[in-house]
Amino acid sequence: MGTWGIGPFDNDTAADFAGDLDEAPMEQREAMIRRVLKRAAEPADYLITPDAERAVAAAALVVAQHPDGEPACSNYGPSEPLPVLPADLRTLAVDALDRVVADRSESAELWDEAADGPKWRRDVTRLRDVLDPPTPATRRSPIRHLTGDPQLQTTEVVPEPVK
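The numbering of the sequence shown is full-length UniProt numbering, which starts it at 1 and goes up by one.
1) Exposed or buried, S79, counting other C-beta atoms within 10 Å across all chains shown (16 or more means buried)?
2) Is it the case that the Cβ atoms of A55 and A96 are separated by a distance below 7 Å?
3) Could you pull out every residue in the same chain whose Cβ sits closer than 8 Å to the Cβ of Y46, ignoring the five residues on either side in sequence?
4) Taking contact to mean at least 3 C-beta pairs separated by less than 8 Å, is the segment 4 to 13 in contact with the segment 49 to 67?
5) Please list the terminal residues of the continuous alpha helix (DSSP H) segment that includes A44.
6) At 4 residues or longer, and completely inside the segment 110 to 142: list those alpha helix (DSSP H) runs for me, N to C.
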């Protein structure tokens with residue numbers, strides 16, 4: 001496994017995937033990204049490292065086209081333009097990223113043993129959070145008493161409006 005960093009294209013497999021995208025006709029690039037994400041997202045006994053590495057790279061390309069995403073800038077990423085990717089790839093990318101960091105993922109196991117493992121997990125989580133932002137915890141106001149009778153102490157928790 002040739003890996004030189006935690007970025008989505010900082011490994012041989014992802015860099016090769018970027019090269020394959022560059023060499024493919026424009027009309028085939030979306031299907032290639034979809035195939036990679038599907039392969040990683042499908043339930044399987046074990047997600048092997050090459051499939052996980054391609055999935056992280058493909059997800060980074062989906063994130064790059066999200067309104068809140070950042071460009072997938074890398075010397076090893078695709079250099080040719082990509083078509084506009086359909087929004088349904090966002091859900092598929094989230095599912096793939098969830099599998100990449102799951103217990104039954106070879107990449108997760110390898111990164112968990114590496115010094116940069118926590119950084120890698122944060123980077124994958126950052127990609128995922130662009131596509132499926134975490135919901136802020138519902139804030140609750142103090143308990144409000146509904147009755148004046150101490151024998152019938154009824155309370156209600158009222159959510160505060162999210163600001």
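For each residue, glycine too, the CB sits at the ideal point set by N, CA and C. Computed from a prediction, not measured in an experiment: that's the story for all the values here.
On the basis of the coordinates in this document:
1) Within a 10 Å sphere around the beta-carbon of S79 sit fewer than 16 other beta-carbons, which makes this residue exposed.
2) Cβ distance < 7 Å, so A55 and A96 count as in contact.
3) Taken in chain order, the residues that qualify are R104, S105, E106.
4) Yes: at least three Cβ pairs fall under 8 Å.
5) No residue range can be given for A44, since it is assigned to no alpha helix (DSSP H) and is classified by DSSP as neither H nor E.
6) As far as the segment 110 to 142 is concerned, its whole alpha helix (DSSP H) runs of at least 4 residues are 117 to 131.
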